Structure formats: C-alpha cells, structure tokens
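Engineer: Below are the structure tokens for one structure; questions will follow.
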C-alpha cells in the first residue's frame with residue numbers, strides 16, 4: 555500500500571484516471587459527487603465552519619458581507635458560500651488549507667471557510683490568532699471514502715471494514731483520540 559500527498563482537487567482527477575485507488579480526506583458525500591464516484595458509508599458528520607482572525611470585528615455570519623473568504627480549491631465550500639451569500643462575498647481559493655490560513659494571517663482574506671473539525675483544530679491550536687464565526691453549516695450527508703465507479707468490490711471491502719471497526723470498538727477509540735475535542739457536540 556502506498557500513500558500519495560495530493561491537493562484536494564487532485565484527488566478527484568487522479569481517481570478518475572485510476573492513478574490512485576482510494577480518495578481519503580474530508581470528502582463530503584453529495585448527490586453530485588455520487589454521480590461520478592462511489593462512496594463508503596459516512597464515517598463522520600460533515601459541516602463547514604467560518605474562521606477569522608481574533609483581531610477581526612467579524613463576530614457573526616452577517617459580518618461576512620462584502621468580505622473576502624478563503625477556501626481550499628475543489629471543495630464544496632465555494633458553492634456553499636455563493637449559495638448562502640450570493641454575490642455579497644468574494645471567494646479566494648488556495649491549493650491547501652495551510653495556504654488559506656496563511657492568507658488569513660497575512661490579511662489577504664478576511665475569513666476562512668473549511669470543514670468544522672479542521673476549523674476547530676486550527677482555533678484550538680492557535681487561539682490567540684483565530685476565532686470561530688457562527689455555528690457549523692451542514693454539508694452533504696457526511697464524510698466518506700471515495701473510489702472510482704469501476705471499483706464496486708473495493709468499496710464493499712471498505713464498508714465491511716468500517717462496520718467491523720464500529721462493532722469491535724476501534725472506530726470509537728479512533729474518534730475519541732482524534733476527533734472528540736473538535737466534534738460538533740461542543
């Protein structure tokens with residue numbers, strides 16, 4: 555088994571061209587994506603969350619009007635912001651989440667939209683620099699592991715493994731170790 559670091563948008567093209575077998579990231583399961591790819595059972599709830607600098611006057615979603623919002627290229631968040639704010643917010647996309655947060659730190663964007671767990675992580679580990687804005691916004695039906703549509707047997711094996719992990723307690727151990735302090739329940 556080999557792992558390859560890819561930008562978020564590369565995952566989709568590399569799956570389509572069969573350069574990789576599995577896409578594993580914070581990939582929300584949506585109807586549109588299911589037209590092109592197969593997904594595992596959802597393994598975590600998916601939602602978006604806005605973040606801004608602690609020095610910012612933005613304290614609610616209404617404060618985002620006419621602001622620049624950074625997002626990772628290829629994610630659903632651009633469409634989410636456009637749907638919610640119409641043309642009242644300028645979206646600025648970057649290849650990686652690190653670059654998005656660097657843009658926020660450098661004042662190139664006024665806020666960031668990313669998945670809620672990542673947002674809470676960035677705020678928790680950089681609480682003097684960043685703060686959450688508003689509540690999480692549900693996106694899709696959860697995060698899933700993604701494969702090419704021609705790999706039905708592979709997704710069945712993945713689903714079987716996920717169900718076994720849930721049954722034997724491994725999933726709960728992983729969740730508690732890596733996600734519980736950044737979960738939606740807080």
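In this note's numbering, the protein residues as written are 555 to 740. Where is the CB? At the ideal position from N, CA and C, for every residue including glycine. Quick caveat: nothing in here was measured; it's all calculated off a predicted structure.
(1) May I have the straight-line CA-CA distance separating residue 619 from residue 682, to the nearest angstrom?
(2) In its own chain, which residues sit with a C-beta less than 6 Å from the C-beta of residue 577, not counting the 5 before and 5 after it?
(3) If residue 614 and residue 687 are in contact, beta carbons under 8 Å, what's the gap, nearest whole angstrom?
(4) Between which two residues does the alpha helix (DSSP H) containing residue 566 stretch?
(5) Could you tell me the boundaries of the beta strand (DSSP E) in which residue 694 lies?
(6) The beta strand (DSSP E) with residue 659 in it runs from where to where?
(7) Note the first and the last residue of the continuous alpha helix (DSSP H) segment covering residue 639.
(8) Compare the Cα-Cα distances from residue 704 to each of 604, 696, 574, 641 and report the closest residue.
(9) Please classify residue 606: is it buried, with 16 or more other beta-carbons within 10 angstroms of its beta-carbon, or exposed?
(10) Comparing C-alpha positions only, which one of 572, 713, 629 sits nearest to residue 650?
(11) Pick out whichever of 644, 711, 673, 648 has its Cα sitting closest to the Cα of residue 621.
(12) For residue 680, name the three-state secondary structure that DSSP assigns.
(13) Hey, is the stretch 591-604 in contact with the stretch 651-670, meaning 3+ C-beta pairs nearer than 8 Å?
(14) Can you grab the Cα-Cα spacing for the pair residue 611 / residue 674, in whole Å?
(15) Please report the distance separating the alpha-carbon of residue 738 from that of residue 728.
(16) Which residue's Cα is closest to the Cα of residue 623: 697, 582, 654?
(17) If distances are taken between C-alpha atoms only, which option among 724, 733, 711 comes closest to residue 595?
(18) Let me make sure I understand the geometry here. Which of 563, 716, 589, 697 has the alpha-carbon closest to that of residue 672?
(19) Applying the 10 Å Cβ sphere with the 16-neighbour rule, what's the burial state of residue 684?
Structural biologist: Here's the rundown:
(1) 24 Å
(2) 565, 569, 700
(3) That pair is a contact at about 7 Å.
(4) Segment 562-570, the alpha helix (DSSP H) holding residue 566.
(5) Looking at the DSSP string, residue 694 is not in any beta strand (DSSP E), and its letter there is neither H nor E.
(6) First-last for residue 659: 651-659, but that is the alpha helix (DSSP H), not the beta strand (DSSP E).
(7) 631-639
(8) 574
(9) buried
(10) 629
(11) 644
(12) coil
(13) yes
(14) 19 Å
(15) Note that residue 738 scores 47 on pLDDT, short of 50, meaning its location in the model is unreliable; the coordinates nonetheless yield the value given after this. Distance between the alpha carbons of residue 738 and residue 728 is about 16 Å.
(16) Closest in C-alpha terms to residue 623, from the list 697, 582, 654, comes 654.
(17) 711
(18) 697
(19) buried
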